[in-house]
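Presented below is the structure to which this report refers.
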Amino acid sequence: MALSGMLLNGASFHGGCCRHQVLLSSLGPLLSNSKLYSSYRRPGAGPEKKPSWQNVDFSFRKAFDHLKTQLSLLRKETQDYLLGPGGHPFNQHLLEQTRVLWQFRSQEDLNKWVISSDEEIGGKSKVQLKLGRNNQAALLYGTLNTEVPRDGETQYSGYCSMRARPAVGSFNRKKYYDWSNFNSLYLRVRGDGRPWMVNIYTDPFFSHQKDDLYSYFMFTRGGPYWEEIKIPFSKFFLSSRGRVQDNQHPIWLDKASLLTLGFTIGDKVDGPFQLEIDFIGLLNDRAHREEFAYEAYDKNTPV
């Protein structure tokens, strides 16, 4: 920005040359999305009276406001870190037995989630997300279609999903959840009797782990009544690209890797579906003693 100011104010040319031509050649690659970089004029339209470089908005106010917002977020994060885990005193953190992560009472709560389906790969499943009756729950509904796209490559189709947006901290840094004080996921839902997959996404350290996923089944009973579902974290199993892995290990619940959570339906049954979610929370069940539900063994057993 300082370079553009010097070019505009300090350059002098002979023969009627325009200053913005030098600015164009100097800053063109940086301003490829602006009107300055484009010289196209529609047929029949007269030339612009104002030089094109004046259309570029070098707004110091917007930059200052954005910096001020990010610094305020950083200040709050620092205060919460100094206060204790999760912004709570340490003694309160140790005695905490329940925590509500997501609840759905407004459109702002729904905006924290994204939905997707096999339409991304050419499928025909449909999915929608909206507030339920009296704005007291999230209603995920749609139609599942297992027809495989005729592209010669896709072999399976028929899924819909709902996933929480990863939390973002100050200056667009990734934020991770710390669930190490709890041992179970706790939900209040109302379904139509169809099974769902509850997925926990982690941030991989190596690139070949980017498709790793921890999952477990959630069976809804249908009917008009709400049900409260408790899923211990020890039940979640590791899969990658839809394949259950031989080498299983528990989820790391600390803030080093836990990224977000989601739901997927893909039971290979064509037809409508719906799932209402009141809230999603955590539970520290003192009666649950299981550390891991699956056998852990060496992939290459020594002879």
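Numbering that gives the first Met the number 0 applies: residue 0 is where the sequence shown begins, and numbers increase by one.
Ideal Cβ placement from N, Cα and C applies to all residues, glycine included.
Can you check whether the CB of residue j is closer than 7 Å to the CB of residue i?
{"i": "Gly280", "j": "Val99", "result": "yes"}
{"i": "Ile303", "j": "Tyr176", "result": "Residue coverage of the chain in this structure runs from 0 to 302, which leaves residue 303 outside it and unanswerable."}
{"i": "Ala166", "j": "Lys174", "result": "yes"}
{"i": "Arg187", "j": "Asp210", "result": "no"}
{"i": "Leu81", "j": "Phe272", "result": "no"}
{"i": "Leu130", "j": "Thr201", "result": "no"}
{"i": "Pro194", "j": "Phe232", "result": "no"}
{"i": "Gly121", "j": "Asp79", "result": "no"}
Give the DSSP bridge partners of residue i, in chain order.
{"i": "Lys129", "result": "Leu138"}
{"i": "Phe216", "result": "Met196"}
{"i": "Val113", "result": "Arg162"}
{"i": "Pro271", "result": "Thr142"}
{"i": "Ser239", "result": "Asp211, Arg242"}
{"i": "Gln102", "result": "Phe278"}
{"i": "Val167", "result": "Lys173"}
{"i": "Phe262", "result": "Met161, Val197"}
{"i": "Tyr185", "result": "Lys229, Gly280"}
{"i": "Thr312", "result": "Given that the chain is displayed from residue 0 to residue 302, the structure contains no residue 312 and the question cannot be resolved."}
{"i": "Gly190", "result": "Leu274"}
Going along the chain, which residues of its own chain have a beta-carbon closer than 6 Å to the beta-carbon of residue i, five neighbours each way excluded?
{"i": "Leu23", "result": "Note that Leu23 scores a pLDDT of 42, beneath 50, so its modelled location is shaky; the value from the coordinates is reported in the next line. Correct list: empty, nothing qualifies."}
{"i": "Leu72", "result": "Ser169"}
{"i": "Glu146", "result": "Lys123"}
{"i": "Ala286", "result": "none"}
{"i": "Met196", "result": "Ser214, Thr263"}
{"i": "Ser37", "result": "Caution applies to Ser37, whose pLDDT of 47 falls short of 50 and renders its modelled position unreliable; the model cannot decide the point."}
Would you verify that the beta carbon of residue i is, or is not, closer than 7 Å to some beta carbon of chain C?
{"i": "Arg220", "result": "In the structure shown, chain C cannot be found, because there is only a single protein chain."}
Taking 8 Å as the limit between beta carbons, can you name the residues of its chain near residue i, skipping five residues before and five after?
{"i": "Arg220", "result": "Gly190, Gly192, Glu226"}
{"i": "Asp108", "result": "Trp101, Gln102, Ala137"}
{"i": "Leu282", "result": "Gln96, Thr97, Phe181, Asn182, Ser183, Leu184, Tyr185, Lys229"}
{"i": "Lys111", "result": "Trp101, Ala163, Arg164"}
{"i": "Phe216", "result": "Pro194, Trp195, Met196, Val197"}
{"i": "Asp266", "result": "Leu143, Arg193, Pro194"}
If you compare alpha carbons, which of the options is closest to residue i?
{"i": "Asn182", "options": "Ile120, Arg288, Tyr293", "result": "Arg288"}
{"i": "Asn133", "options": "Ala292, Glu275, Pro84", "result": "Glu275"}
{"i": "Gly157", "options": "Lys129, Ser116, Pro84", "result": "Ser116"}
{"i": "Trp178", "options": "His92, Lys267, Asp79, Gly222", "result": "His92"}
{"i": "Ser105", "options": "Asp284, Asp277, Glu290", "result": "Asp277"}
{"i": "Leu66", "options": "Thr153, Glu119, Asn171, Gly141", "result": "Asn171"}
{"i": "Phe205", "options": "Ser58, His87, Ser256", "result": "Ser256"}
Below 8 Å on the Cβ atoms is my contact criterion, and I expect residue i with residue j to pass it. Report the Cβ-Cβ distance as a whole number of Å.
{"i": "Cys159", "j": "Val113", "result": "Actually they are not in contact, since the Cβ atoms of Cys159 and Val113 sit about 12 Å apart, beyond 8 Å."}
{"i": "His248", "j": "Ala292", "result": "Not really, about 12 Å apart at Cβ, beyond 8 Å."}
Using C-beta distances below 7 Å, list every residue in its chain close to residue i, excluding the 5 sequence neighbours before and after it, in chain order.
{"i": "Gln244", "result": "Leu237, Ser238"}
{"i": "Met161", "result": "Trp112, Ile114, Leu128, Leu139, Gly261, Phe262"}
{"i": "Gly304", "result": "This structure cannot speak to residue 304, because the chain is shown only from 0 to 302."}
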